[in-house]
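Remarks on the structure that follows.
In my numbering, the protein residues as written are 116 to 542.
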């Protein structure tokens, strides 16, 4: 199949909806940032690959680029005065080659062979082809709009859930026959609004015929922090088909390993520990005696202390646990949990767990969701974190506290009071 002249990966957003976790494009699975997994999969579909980043994640991207062997990539920083997806494309307009263009989101994963189907759909007759999936539940994204005769005529971003134009949600895998035409319309229509790009596609469809490809496979995106858990489940199932155990791993003869598991270099598994796959445990991590790890993704150099349980959870690097229950939770790097502290992951009324996003309570569509904790935070002994609670970076939770609401960054929470984190030198 003829490749796209340009593939443009958009990864310049501020990840504000992903709080309290770090940049969603660089979150690691199997010790590799997500966006590099995407680059490896889609490189063969394009002649030129451009990644648009913001100033902050550009530094981290370039750091990882030196460590990972990759095809030649053009890295562009999104201009601060150009916001949203439209701004990201306009920031890279000088690098985009004339001809066919594929626009992707840097934090989405799907079956990438479908890109060939998109490429076949665009030609002189059909200038736009979108990838879309039929949804039964409301998804806060772009919905396809059709004319009475069934022709694709527009794209509506985040419509009211009671007034959907169709049941097809657009995945960010947008193909264009003429990149210059898209950029020309973007320049003329750009207003700095969130849906400038979607309105541009609609404008393009008014004057040119378009089509869509119905996607039936798995699709995972990182929009909100709890999406890490569904992304994790996908990677564990897709990438671990049999035991992958490094020769330097030390496993007690009294431990139980239920395949498939991926144990990286110098992992140590203690007496009477049990690891149930699919599970990934990163290099240098120690699993203590009488500990259960169940279908989880654990980063490098963690200490999963004795008598702990980690179930269906994602732990970053250098996370320390001791006699804890961690269920359906996400911990970023350098999180410390004191002895006896637990994450509650199910509501008493068995209803869906809710979470606050931009001061509005929203459904997570999860019956089980524990805590989500940002980098370098600490939870004191015997504390209880209620379902769906989010804790900001560099925050302290006092001993014995019951946390029922989100806690901001760099704070000390004790006896239902918030004060500045006195251990943080930045305050």
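Note that the Cβ used here is the ideal one computed from N, Cα and C, for glycine as well.
Keep in mind it's a predicted model, so treat the numbers as computed, not measured.
Original post:
Leaving out five residues before and five after residue 491 in sequence, what residues of the same chain have Cβ atoms less than 7 Å from its Cβ?
Top reply: 449, 508, 509
Original post:
Does DSSP put residue 180 in a helix, a strand or coil?
Top reply: helix
**OP:** Starting from the Cα of residue 191, find the closest Cα among 410, 202, 206 and give me that residue.
**Re:** 206
**OP:** Can you have a look at residue 119 and say buried or exposed, based on whether 16 or more other CB atoms are within 10 angstroms of its CB?
**Re:** buried
Subject >> Extent of the continuous alpha helix (DSSP H) to which residue 158 belongs >> reply: Careful: residue 158 lies outside any alpha helix (DSSP H) and carries neither H nor E.
**OP:** May I ask you to report which of helix, strand or coil DSSP gives residue 363?
**Re:** coil
Subject >> Reference residue 350, options 204, 400, 336, 495, closest by Cα >> reply: 336
Subject >> residue 267 to residue 292 span [Cα, whole Å] >> reply: 16 Å
Original post:
Looking at C-beta atoms only, is the number of pairs between the stretch 212-223 and the stretch 272-281 that lie closer than 8 Å three or more?
Top reply: no
Original post:
Taking the alpha carbon of residue 117 as the point to measure from, which residue in 283, 234, 187, 380 has its own alpha carbon closest?
Top reply: 234
Original post:
Taking the alpha-carbon positions, what's the residue 468 to residue 187 distance?
Top reply: 43 Å
**OP:** Within the same chain, show all residues whose beta-carbon is closer than 7 Å to that of residue 255, passing over the 5 residues directly before and after it, in chain order.
**Re:** 273
**OP:** Could you tell me which of 258, 315, 409 sits nearest to residue 299, measuring between CA atoms?
**Re:** 315
Original post:
Per DSSP, which one or two residues make a beta bridge with residue 334?
Top reply: 225
Original post:
When you compare each of 329, 321, 344, 189 to residue 250 by their alpha carbons, which one comes out closest?
Top reply: 329
Original post:
Near residue 438, which residues of its chain fall below 8 Å by C-beta distance, leaving aside the five closest residues on each side in sequence?
Top reply: 420, 421, 422, 423, 454, 455
Subject >> Beta-carbon contacts of residue 161 that lie in its chain and below 7 Å, excluding the five residues immediately before and after >> reply: 118, 119, 121, 122, 217
Subject >> Distance CB(residue 340)-CB(residue 358) smaller than 8 Å >> reply: no
**OP:** Could you please give the first and the last residue of the uninterrupted alpha helix (DSSP H) stretch that includes residue 202?
**Re:** 199-206
Subject >> Spatially closest choice to residue 138 from 144, 535, 130, by CA coordinates >> reply: 130
**OP:** Following the continuous beta strand (DSSP E) through residue 470, name the residue where it begins and the one where it ends.
**Re:** 469-472
Original post:
Hey, quick one: how far does the alpha helix (DSSP H) through residue 304 stretch, first residue to last?
Top reply: 294-304
Original post:
Between which two residues does the alpha helix (DSSP H) harbouring residue 315 extend?
Top reply: 311-322
**OP:** Please classify residue 343: does DSSP put it in a helix, a strand, or coil?
**Re:** helix
**OP:** Could you tell me whether the Cβ atoms of residue 200 and residue 283 are closer together than 8 Å?
**Re:** no
Original post:
Looking only at its own chain, which residues have a Cβ that is under 8 Å from the Cβ of residue 156, when we skip the five neighbours before and after it?
Top reply: 227
Original post:
Any idea what DSSP makes of residue 252, helix, strand or coil?
Top reply: coil
Subject >> residue 240 versus 143, 488, 406, 325, residue with shortest Cα-Cα distance >> reply: 325
**OP:** Closer than 6 Å by C-beta to residue 409: which residues in its own chain qualify, once you throw out the five before and the five after it? Chain order, please.
**Re:** 391, 426
Subject >> C-beta contact flag for residue 503 and residue 533 at 8 Å >> reply: no
Original post:
Rounded to the nearest angstrom, how far is the Cβ of residue 153 from that of residue 124, given a contact under 8 Å?
Top reply: 7 Å
Original post:
Which of the three DSSP states, helix, strand or coil, is assigned to residue 120?
Top reply: strand
**OP:** Note down, in chain order, each residue of its chain lying with its Cβ closer than 6 Å to the Cβ of residue 305, except the 5 sequence neighbours on either side.
**Re:** 201, 311
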